[in-house]
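Using our numbering, the first residue of the sequence shown is number 23, and each one after it goes up by one. What follows is one structure encoded as C-alpha cells, with my remarks underneath.
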Amino acid sequence: MNYFESLNKKIENWYESGGPKLKITGITTDQWAFLLQTFWHAHYKLFENKSHFIICPTLDQAESLYQTLKAGLPQKKLLLFPGLEFSPYADYIPSESNLLKRFKALDLLARSDDNYIVLFTVESFLLKVPPRKFFLEGKFNIKVDDIISPDELAHKLVAMGYSPAVSVEEPGTFSKKGEIFDLFPLSGPPVRLQYFDELVEVIHGIDLETQKTNWDFKPSEVDISLGPSIFTTSPYKDNLRENIPQAAPTFREKFEKRKELFSKVSNNQLFEEYPSYIPLFFKEPGTLFDYFNADETIITIL
Numbered sequence: 023m024n025y026f027e028s029l030n031k032k033i034e035n036w037y038e039s040g041g042p043k044l045k046i047t048g049i050t051t052d053q054w055a056f057l058l059q060t061f062w063h064a065h066y067k068l069f070e071n072k073s074h075f076i077i078c079p080t081l082d083q084a085e086s087l088y089q090t091l092k093a094g095l096p097q098k099k100l101l102l103f104p105g106l107e108f109s110p111y112a113d114y115i116p117s118e119s120n121l122l123k124r125f126k127a128l129d130l131l132a133r134s135d136d137n138y139i140v141l142f143t144v145e146s147f148l149l150k151v152p153p154r155k156f157f158l159e160g161k162f163n164i165k166v167d168d169i170i171s172p173d174e175l176a177h178k179l180v181a182m183g184y185s186p187a188v189s190v191e192e193p194g195t196f197s198k199k200g201e202i203f204d205l206f207p208l209s210g211p212p213v214r215l216q217y218f219d220e221l222v223e224v225i226h227g228i229d230l231e232t233q234k235t236n237w238d239f240k241p242s243e244v245d246i247s248l249g250p251s252i253f254t255t256s257p258y259k260d261n262l263r264e265n266i267p268q269a270a271p272t273f274r275e276k277f278e279k280r281k282e283l284f285s286k287v288s289n290n291q292l293f294e295e296y297p298s299y300i301p302l303f304f305k306e307p308g309t310l311f312d313y314f315n316a317d318e319t320i321i322t323i324l
C-alpha cells in the first residue's frame, strides 16, 4: 500500500506537464525521504536520466536524509556536500573533512556522466568552489599492468598535493612499503597496489578500520585527483597572495595574520583555516552551476 499515492500522482502530473515550480507544504525531512523512495520506485523512468539535488535546512538534516536514502535506494549514487558550517564571527576552524567531501563530490560531478543524488545545505549550495577545469585537468589514472616505480609514483603524488603517511586513514595520503603501495584518493576508497618490480601487478581495496587488504574489492584502475597540499604550490599560492591585499602596518592584527598565512604556505604548509579560503586560491573561482546541466537536474528545496 502506498500512503502517498494521491500525492505521487499529483507530482507525476506536474512533472509531465512541465509547469512552474511545485511547492509541497506540511512534510518533514523523514517523510520526504519516504515519499522520494516510494515515488522513485513507482516512477523510476522520471529519474533514470537525471541527477537530483536536495537542499536541506541544516547539515544534521542533510546527513540524516543521506543515511536514510542510502539504505532505501541502494542502487542510486549518493553524495553529501557539506558546507563550512560556521559563523565568520566564531572562534572556530572550518572542517578539512567537510572540504574533502566537497572535493570528492565536485570531482565526480565534473568527470562523470552518471546521475547522482546530492545532499546540500543552503550554505553549501551557494559556496564558491574551484573551477571545473581544476578537477578535469588535474586527473591522473593508474591501471593494473602500468609500469611506474613506487618511487616515481610517490614523487608524482607529492606533486599532486598528496602527503606521505604511515597508514592511509584520510583522503589525500599514501604509504610506500616495499612492494606494497597504499593510496587514499580524494574521489574514491583507499586502495593497495601490489608491485612486481616496477609493474603494478594487482589492485585491491583496504579496510579502513584494520588497514588490511579487502580481497573482495579488486578494481582494474584508480582515478586520482589533486590533493589539498597542491594549494601550497604555484599558481595557487600566488593567486592567494594577489587576492588578499596587504594591510597597512597600522592594522596590526590583519597585517600579522596575512604574514603568518604566507609564511606557512611558503614553507609548503597549509594553515588551519585554509578550507574557508579555497576560492581565493583561484583567479576565477566557480560555482556549483558550472558542474551540472539544469535541464537534466531536479532541484528540491526542503
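Beta carbons are placed, not taken as given, at the ideal position from N, Cα and C, and that holds for glycine. Every value quoted in this text rests on a predicted model; they were computed, and no experiment measured them.
Distance from the CA atom of Val213 to the CA atom of Arg280, rounded to whole angstroms, is 38 Å.
By the Cβ test, the segment 287 to 296 is not in contact with the segment 44 to 59, since fewer than three Cβ pairs between them sit closer than 8 Å. In the DSSP annotation of this structure, the continuous segment of the beta strand (DSSP E) that includes Ser73 starts and ends at 73 to 78. Here Val144 is exposed. Its C-beta has fewer than 16 other C-beta atoms within 10 Å.
Taken in chain order, the whole beta strand (DSSP E) runs of length 3 or more contained in the segment 128 to 161 are 138 to 143. Listed in chain order, the non-local C-beta contacts of Pro172 below 7 Å within the same chain comprise Lys198, Phe203, Tyr217, local neighbours out to five positions each way being set aside. Of all alpha-carbon atoms in Ser117, Glu38, Ile170, Asp245, the one lying nearest the alpha-carbon of Phe206 is that of Asp245. Taking C-alpha positions only, Leu175 is separated from Gly249 by approximately 14 Å.
Counting along the chain, the unbroken beta strand (DSSP E) around Gln216 starts and ends at 213 to 218. As DSSP reads the structure, Val224 sits in a beta bridge with Gln216.
In this chain, the beta strand (DSSP E) harbouring Lys199 covers 195 to 199. Shown here for Lys259: same chain residues with a beta carbon closer than 6 Å to its own, the five before and five after excluded, namely Val287 in chain order. DSSP places Asp260 inside the alpha helix (DSSP H), whose first and last residues are 258 to 265.
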